[in-house]
Amino acid sequence: MSSTKTNPGYFFEDYSVGQILDHATPRTLTDGDVAMYQALYGPRFAMQSARTFGGLAALDDLITFHAVFGKTVPDISLNAVANLGYAEGRFLARVESGDTIRSTSEIIGLKENSNGNTGIVWVRTRGFKNQDVPVLEYVRWVMVRKRDTGAPAPEPVVPDLAKAVPGDALSVPEGLDWSAYDFAAAGEPHRWGDYEVGEIIDHVDGVTLTDPEHMMATRLWQNTAKVHFDVTARPDGKRLIYGGHIISMARALSFNGLANAQLIAGINAGAHANPAMAGDTIYAWSEVLDRAETTSPDVGALRLRLVATKGKAGDLRGEDGKYLPDVLLDLDYWVLIPR
Numbered sequence: 018m019s020s021t022k023t024n025p026g027y028f029f030e031d032y033s034v035g036q037i038l039d040h041a042t043p044r045t046l047t048d049g050d051v052a053m054y055q056a057l058y059g060p061r062f063a064m065q066s067a068r069t070f071g072g073l074a075a076l077d078d079l080i081t082f083h084a085v086f087g088k089t090v091p092d093i094s095l096n097a098v099a100n101l102g103y104a105e106g107r108f109l110a111r112v113e114s115g116d117t118i119r120s121t122s123e124i125i126g127l128k129e130n131s132n133g134n135t136g137i138v139w140v141r142t143r144g145f146k147n148q149d150v151p152v153l154e155y156v157r158w159v160m161v162r163k164r165d166t167g168a169p170a171p172e173p174v175v176p177d178l179a180k181a182v183p184g185d186a187l188s189v190p191e192g193l194d195w196s197a198y199d200f201a202a203a204g205e206p207h208r209w210g211d212y213e214v215g216e217i218i219d220h221v222d223g224v225t226l227t228d229p230e231h232m233m234a235t236r237l238w239q240n241t242a243k244v245h246f247d248v249t250a251r252p253d254g255k256r257l258i259y260g261g262h263i264i265s266m267a268r269a270l271s272f273n274g275l276a277n278a279q280l281i282a283g284i285n286a287g288a289h290a291n292p293a294m295a296g297d298t299i300y301a302w303s304e305v306l307d308r309a310e311t312t313s314p315d316v317g318a319l320r321l322r323l324v325a326t327k328g329k330a331g332d333l334r335g336e337d338g339k340y341l342p343d344v345l346l347d348l349d350y351w352v353l354i355p356r
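To get the numbering used here, take the position in the sequence shown, counting from 1, and add 17.
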């Protein structure tokens, strides 16, 4: 006997450009989430480790990202083959323990793939705290299965996305005070002016991924995508590791060389270049892409490329221009760092 009460999730043909999705299950973030995040990734950035640092009590920016992202999964990527990329991401306000997060998304693009089995869905997601205070917005695009391969293809709409968030559009959090920044407590002496465009930073350390940790992390953010849990959801019989897990692991590894990159201000672009599975050992390296001033004389912005890889620092693409098979993540983002 079948029931119509359960939700199989959206398939490609269920979306239309302009459609607004209000995602279920608001989430109140607490110190427990902070402790779990610390246990899973081990970040050492001073501002997320000590409420006394920098004049601002705030959760790690990626806790906000994961909480907002997780709300969207049942409506956007439950039937996804892969999450493909990000653009136009901006962190708009700080989130503290006790704040409640909700998410909404707008469908801004659709394009069926040539195989007729899947299509690409572009969405602009917005996260809010305490009902109506914007904290995060970003665009992502996802490859989603079709329910009926014979369903007609929609008229393709591919959004024109900015290549990068302008430096002058970045938000410096209210209450941030780095006038007496404690470099000893932060762990490194390097300021905004010490980083040169084109510089490559090898973050040195590696982490071997495991199924229990990535499934725990994915559940923490209430991400229900089948490919992260159900070995029958992929033809290779493996659990695909949530791309956000790789982002957080690479960000934590980047402390070694970028300890003063305390806050994430924007996400310009991002690609999950190759799938990650349990047993993979990942490393991270960064490239300095740009520098920008901010509205605060004590705060500068660095545009960085953060790469998670199973290979060597600095190796990204082959002679054909495609990502090397060892590259897992290529994330172009802005951080705030003391001047």
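Even glycine gets a Cβ: it sits at the ideal position worked out from N, Cα and C.
Residues near ALA170 in its chain [Cβ-Cβ closer than 8 Å; skip 5 each side]: Hits under 8 Å: GLU129, GLY133, GLY136.
Exposure of VAL182, with buried meaning 16 or more beta-carbon neighbours within 10 Å: By the 10 Å Cβ count, VAL182 comes out buried.
Residues of its chain near TYR27, where Cβ-Cβ distance is below 8 Å and the 5 sequence neighbours each way are ignored: Result list for TYR27: ASP92, ILE93, LEU95, ASN96, VAL161, in chain order.
Proximity winner among SER122, GLY184, PRO43, relative to LYS146 (alpha-carbon distances): Ranked by Cα distance from LYS146, the first of SER122, GLY184, PRO43 is PRO43.
Those residues which DSSP pairs with PHE108 across a bridge: Secondary-structure assignment with DSSP links PHE108 through a beta bridge to LEU153.
Cα-Cα separation, PRO60 to ALA288: If I take the Cα positions, the gap works out to 22 Å.
Inter-stretch contact at 8 Å, needing at least 3 Cβ pairs: the stretch 260–274 / the stretch 285–301: Flag = yes, the stretch 260–274 and the stretch 285–301 touch.
Assigned exposure category for PRO342 - 16 Cβ within 10 Å defines buried: That one is exposed.
8 Å Cβ cutoff met for MET53 and LEU280: Contact check for MET53 against LEU280 fails: the beta carbons are separated by 8 Å or more.
Residue burial classification, VAL334 (beta-carbon count within 10 angstroms, cutoff 16): Reading the sequence as shown, one finds Arg at residue 334 and not Val. By the 16-neighbour rule on beta-carbons within 10 angstroms, ARG334 is exposed.
Host beta strand (DSSP E) of ALA301 (start-end): Counting along the chain, the beta strand (DSSP E) containing ALA301 begins and ends at 298–310.
Cutoff 6 Å; reference GLY184; Cβ partners in own chain excluding five residues on either side: Within the same chain, Cβ atoms closer than 6 Å to the Cβ of GLY184 are found at ALA309, ALA318, the five residues on either side in sequence being excluded.
Test item: CB-CB of VAL193 and GLY71 under 8 Å: Inspection of the sequence shows that residue 193 is occupied by Leu rather than by Val. In contact: LEU193 and GLY71 (Cβ atoms closer than 8 Å).
Environment of SER364 [buried if 16+ CB atoms lie within 10 Å]: Within the shown structure, residues of the chain are numbered from 18 to 356, placing residue 364 beyond reach of any answer.
Cross-strand partners of SER120 (DSSP beta bridge): According to DSSP, SER120 bridges with GLY144.
Alpha carbon of ASP77 to alpha carbon of TYR32, nearest angstrom: Here the alpha carbons of TYR32 and ASP77 stand approximately 32 Å from one another.
Assigned secondary structure, GLU17 (DSSP; H/G/I helix, E/B strand, else coil): Residue 17 falls outside the range modelled here, since the chain spans only 18 to 356, and no answer is possible.
Contiguous alpha helix (DSSP H) assignments of at least 4 residues, all confined to the stretch 167–234: Complete alpha helix (DSSP H) runs here, min 4: 200–203.
Bridge partners - ASP39, DSSP secondary structure assignment: For ASP39, which the question treats as bridged, DSSP gives the partners THR121.
Buried versus exposed call for ASP48 [16 or more other C-beta atoms within 10 Å across all chains shown]: Exposure of ASP48 is indicated by the presence of fewer than 16 other C-beta atoms within 10 angstroms of its C-beta.
The beta strand (DSSP E) enclosing ARG251, as first and last residue numbers: Element bounds for ARG251: n/a, residue is neither H nor E.
VAL344 beta carbon less than 8 Å from that of ASN285: The answer is no: Cβ separation not under 8 Å.
First and last residue of the uninterrupted alpha helix (DSSP H) at ASP78: For ASP78, the enclosing alpha helix (DSSP H) starts and ends at 78–93.
Per-residue DSSP class, three states only, for TYR340: In this structure, TYR340 counts as strand in the three-state DSSP scheme.
Rounded Cβ spacing between GLY283 and GLY106 (contact assumed at less than 8 Å): The distance from the Cβ of GLY283 to that of GLY106 is about 6 Å, consistent with a contact at the 8 Å cut-off.
Cα-Cα separation between ASP219 and ALA276, rounded to whole angstroms: Each residue's alpha carbon lies about 13 Å from the other.
C-beta contact flag for LEU101 and VAL159 at 8 Å: Cβ atoms of LEU101 and VAL159: closer than 8 Å.
7 Å Cβ shell around PRO151 - same chain, five flanking residues per side excluded: Within the same chain, PRO151 has close Cβ partners LEU109, ALA110, ARG143, PHE145.
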